[in-house]
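Below you'll find the structure, written out as structure tokens, and then a few comments.
Numbering (the numbering used here), first residue to last: 1067 to 1223.
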């Protein structure tokens, strides 16, 4: 939202303003609803896949190569042991997520990306930042229950 009138940035707005609008809306929603790590992770990974696929198609058509740091997640350094999640079936995890809450986050991201025509590379960079925070928190998980803990965002994120 534009700070003065609460409106989504226009297509002609600077990319930085569009990115800030995306970031603020995601942070506000996730903090307000205490959205679990697993739900945020599923939505963010969906958009990363979509954007990477589009960028790869454009690069292929243009005979270009994309930088590896855009194509791959940033490494997560962890001194923690790998979590034991084998006893918690994936189906049960997916049945336990709040689909409505995920749909709202999905709508926030999709609407801002589409309405502002946010360029893919900066949008992907922001989503990779989110992915890194999520993966860092997941690396500290010791049980399946941690998947449903609210995502903890750093101050001033």
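A virtual CB, placed ideally from N, CA and C, is assigned to each residue, including glycine.
Check	Outcome
Go through its chain and collect everything with a Cβ distance to residue 1089's Cβ below 8 Å, but skip five positions before and after it.	1192, 1223
Are the stretch 1092–1112 and the stretch 1198–1217 touching by the rule of at least three beta carbon pairs closer than 8 Å?	yes
Tell me whether residue 1141 sits in a helix, a strand or coil according to DSSP, three-state version.	coil
Which of helix, strand or coil does DSSP assign to residue 1216?	strand
From the DSSP secondary-structure annotation, give me the bridge partner or partners of residue 1133.	Residue 1133 is not bridged to any residue.
Roughly how many whole angstroms lie between the Cα atoms of residue 1117 and residue 1128?	16 Å
Could you check which residue in 1221, 1074, 1197, 1077 has the C-alpha nearest to that of residue 1105?	1197
Return the residue from the list 1079, 1140, 1100, 1205 that minimises the CA-CA distance to residue 1194.	1140
Would you decide whether residue 1076 is buried or exposed? Buried here means 16 or more other CB atoms lie within 10 Å of its CB.	exposed
What is the residue span of the alpha helix (DSSP H) that residue 1195 lies within?	1186–1205
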